[in-house]
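Read through the structure below, which is laid out as structure tokens, and then see the notes.
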Amino acid sequence: MVNLAIEAKGLRKTFVSGWIRKRQKEALRGVNLSVPEGAFWGLLGPNGAGKTTLLSIIANLLIPEQGEVLVLGRDLHKNADAVRRRINLSSGHANFLWSLSVRENLEYYAMLYGLSGNKRRQRVDDLLALFELQEFAKVRFEELSTGTKQKLSLAKSLVNDPALLLLDEPTVGLDPDVAHRIREAVQSLHREKGTTILMTTHNMKEAETLCERIAFIKDGRIKAVGKPQDLKEELRLRDTISIAFSGTVQAEALRSLQGTYGIQMSDSLCHILVDDHHKRLPPILDFFMGRQISIHDLRIQESDLEDVFIAYTK
């Protein structure tokens, strides 16, 4: 039996705004989500889909009107203090005590999680080193660049060595090199410590690279959950292999190859629609070489997670 880090059932959350004419916004409409311990999952969806609301409920920052949440096997509301000690959250829109330095902010949060004395100082030193923040240790938060603020946010989220880490747009607005280093740090954390991670992002390449499974949310409902490749197959999204050649090719013979879904043929160019070009390209090349057909050019157009995202958000 698989142990679950997150088990959400029937979550509903409505926000009310306005005074005279009150407006209601249903952020979550019966969300069910189960994330196994040790997994790295992505939570994707358009703006306003309910991603941040769901993460905030799991982090016990918001209370739903309906539904229940088990976090690391415990009822979130009945065991709030015990759960909080084992989870943490990092937001891409970092907001800390502006007048405190980087070290002082980390010391403050370490103290809130019960670390004291040498143990607290060592933990802060380790986090400063991990995220290359030593040179900014005495710099006040308000004076930091966006990238350095985000590194501080991630450092804070690890101060209690969490079993469950929630990441809300962890690389939003960052320079590519800073974003790359943050992704490496998150990957290393998951790989070496087995930390369960649930991450929201609008960066489809980031999600496809980091996440084992993807949950798509739209209009407050989970639309699909699965591996990126499985979701592509479910939506019948295909890769296209385009080959320029010299010689005679029989389209029917190409169609007989496994995983081939369509052929478009002209005098010296064919477009082959396949389920997965990684699997299908070798036998296609064998097909051409076995018939001594010269290949002059080969191009691949791969369907990716962005295509899946567009399909689920239509």
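Under this note's numbering, the first residue of the sequence shown carries the number 3, and numbering increases by one thereafter. Every residue, glycine too, gets a C-beta built ideally from N, C-alpha and C. Because the structure is a prediction, the values reported are computed rather than measured.
Query	Result
Beta-carbon proximity of residue 302 to residue 247, cut-off 7 Å	no
CB contact flag (residue 103, residue 161, <7 Å)	no
Residue 65 versus residue 84 - alpha carbon distance	17 Å
Proximity below 7 Å, CB of residue 224 to CB of residue 71	no
Proximity below 7 Å, CB of residue 289 to CB of residue 47	no
Residue 159 in three-state terms, based on DSSP	helix
Close-in-space but distant-in-sequence residues of the same chain around residue 44 (CB under 6 Å, 5 per side omitted)	201, 209, 213, 216
4-residue-minimum alpha helix (DSSP H) runs that sit fully inside the segment 198-253, ordered along the chain	206-212, 230-236
For residue 311 and residue 88, the rounded distance between their alpha carbons	32 Å
Buried or exposed (CB count within 10 angstroms, at least 16 for buried), residue 164	buried
Of the residues 180, 121, 167, the one placed nearest residue 135, counting alpha carbons only	180
When 309, 256, 105 are compared against residue 287, the one with the closest alpha-carbon	256
Reduced DSSP category for residue 269 - H, G, I as helix; E, B as strand; rest coil	coil
Spatially closest choice to residue 108 from 95, 300, 138, 176, by CA coordinates	138
N-terminal and C-terminal residue of the beta strand (DSSP E) that residue 178 is part of	Note, residue 178: premise wrong, no beta strand (DSSP E); alpha helix (DSSP H) at 178-195.
Distance CB(residue 171)-CB(residue 249) smaller than 7 Å	no
Run of the alpha helix (DSSP H) containing residue 109, from where it starts to where it stops	104-114
Alpha helix (DSSP H) segment containing residue 127, residue limits	119-132
Residue 206 burial status per 10 Å Cβ neighbour count (16 or more: buried)	buried
Residue 196 versus residue 67 - alpha carbon distance	32 Å
DSSP state of residue 54 mapped onto helix, strand, coil	helix
Buried or exposed (CB count within 10 angstroms, at least 16 for buried), residue 97	exposed
Minimum C-alpha distance to residue 169 - residue among 157, 175, 199, 147	199
Span of the beta strand (DSSP E), counted from its first residue to its last, around residue 46	42-46
Every unbroken beta strand (DSSP E) within the segment 269-308, with a cutoff of 3 residues, ordered by chain	271-276, 296-303
Segment limits, beta strand (DSSP E) that includes residue 25	25-38
Spatial distance of residue 309 from residue 239 (CA atoms)	8 Å
Sequence-distant residues of its chain with Cβ nearer than 6 Å to residue 229 (five each side left out)	215
Three-state secondary structure assigned by DSSP to residue 148	helix
Backbone CA spacing between residue 54 and residue 144 [nearest angstrom]	24 Å
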